[in-house]
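Peer 1: Mapping of the sequence shown onto our numbering: position 150 corresponds to residue 702, and the numbering continues sequentially without gaps. Next up is a structure, given as structure tokens.
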Amino acid sequence: MRKTTTLALIATGLVALGCGAGSTDEGTGSKADAGGAKGDDKPKTAKIGQPARDGKFEFTVKSSKCGVAKIGNDMLGEKAQGQFCLVTVKVKNIGKEPQTLSDSNQKAYAADGTEYSTDSGAAIYANKDQQTLFNEINPGNEVTGVLVFDIPKKVKLAKLELHDSPFSGGVEVSLT
Numbered sequence: 553m554r555k556t557t558t559l560a561l562i563a564t565g566l567v568a569l570g571c572g573a574g575s576t577d578e579g580t581g582s583k584a585d586a587g588g589a590k591g592d593d594k595p596k597t598a599k600i601g602q603p604a605r606d607g608k609f610e611f612t613v614k615s616s617k618c619g620v621a622k623i624g625n626d627m628l629g630e631k632a633q634g635q636f637c638l639v640t641v642k643v644k645n646i647g648k649e650p651q652t653l654s655d656s657n658q659k660a661y662a663a664d665g666t667e668y669s670t671d672s673g674a675a676i677y678a679n680k681d682q683q684t685l686f687n688e689i690n691p692g693n694e695v696t697g698v699l700v701f702d703i704p705k706k707v708k709l710a711k712l713e714l715h716d717s718p719f720s721g722g723v724e725v726s727l728t
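Structure representation (structure tokens):
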């Protein structure tokens, strides 16, 4: 199953690179839109429930739940190497053209700065309609889905770094 997940991530990344290459919006919307004042060197971090913007996307983290051992059912599912953290996020396209959302562009961090990537294979089972895996969102539309991170059992996530494309600056959302 891990080989399939790795191949899916590579394919998603390659397609996302092609989709984001022509983007005309810069990821600078996060400075003012995440709560920081214009001219600040570093944007303030948004919190759960607060909208935060990066490029053409406005992200709102609705909830975060860790400690999940398995996603899916007895017949089809995936077991965590450590524990799954399920982050429910609403994503709205605030741009003027379609933009592709990829879960592989999103990152999570522990308090010590350790970076974790999404588990796209497990996300298939967490998202019955797969809205956060690889989805083109038209202007003004929004989707809600679950980002899945497989992290060690004793680790607690401190923040997310959410991106509208692989090349954007990203916006931080605190989970604590």
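Cβ coordinates follow ideal geometry from the N, Cα and C atoms, glycine included. On a predicted model such as this, the values are computed, not experimentally measured, just so you know.
Given that a residue counts as buried once 16 or more other Cβ atoms are within 10 Å of its Cβ, and exposed if not, what is G722?
Peer 2: buried
Peer 1: Grab the span of the beta strand (DSSP E) containing S726 for me, first residue to last.
Peer 2: Counting along the chain, the beta strand (DSSP E) containing S726 begins and ends at 723-726.
Peer 1: Thinking just about the alpha-carbon of each residue, which of V695, K680, F636 is nearest to the one in N645?
Peer 2: V695
Peer 1: I'd like the span of the alpha helix (DSSP H) that includes A675, first residue to last.
Peer 2: 672-678
Peer 1: Give me the Cβ distance between L727 and S616, rounded to the nearest whole Å; I'm assuming they're in contact under 8 Å.
Peer 2: 5 Å
Peer 1: How many whole angstroms separate the CB atoms of F609 and Q651, which I take to be in contact at a CB cut-off of 8 Å?
Peer 2: The pair is a contact, with the Cβ atoms about 7 Å apart (cut-off 8 Å).
Peer 1: May I ask you to report which of helix, strand or coil DSSP gives D655?
Peer 2: DSSP, read as helix, strand or coil, puts D655 in helix.
Peer 1: Spell out the partners DSSP gives A660 in its beta bridges.
Peer 2: Y668, L712
Peer 1: Measuring only the C-alpha atoms, how far is V613 from G619?
Peer 2: Each residue's Cα considered, the two are about 18 Å apart.
Peer 1: Can you name, in chain order, every residue of its own chain whose Cβ lies under 6 Å from the Cβ of D671, other than the five neighbours on each side?
Peer 2: If we look at D671 and ignore the five residues flanking it on each side, its Cβ neighbours are V700, D702.
Peer 1: Where does K711 land, buried or exposed, given buried means 16+ other C-beta within 10 angstroms?
Peer 2: K711 sits buried, since 16 or more C-beta atoms from the chains shown fall within 10 Å of its C-beta.
Peer 1: For L628, which of K680, A662, A604 has the nearest alpha-carbon?
Peer 2: The shortest CA-to-CA distance from L628 to any of K680, A662, A604 is the one to K680.
Peer 1: Hey, K705 and G634: beta-carbon distance below 8 Å or not?
Peer 2: yes
Peer 1: Quick one: grab the DSSP three-state call for T640.
Peer 2: strand
Peer 1: Sort C637, A604, S720, N687 by Cα distance to A660 and report the nearest one.
Peer 2: C637
Peer 1: Take the Cβ of A663 as the centre, count every other Cβ of all protein chains shown within 10 Å, and call the residue buried at 16 or more, exposed below.
Peer 2: exposed
Peer 1: So E630 packs on A674, CB below 8 Å; how close in whole Å?
Peer 2: Contact annotation, E630 with A674: C-beta distance approximately 4 Å; criterion of less than 8 Å satisfied.
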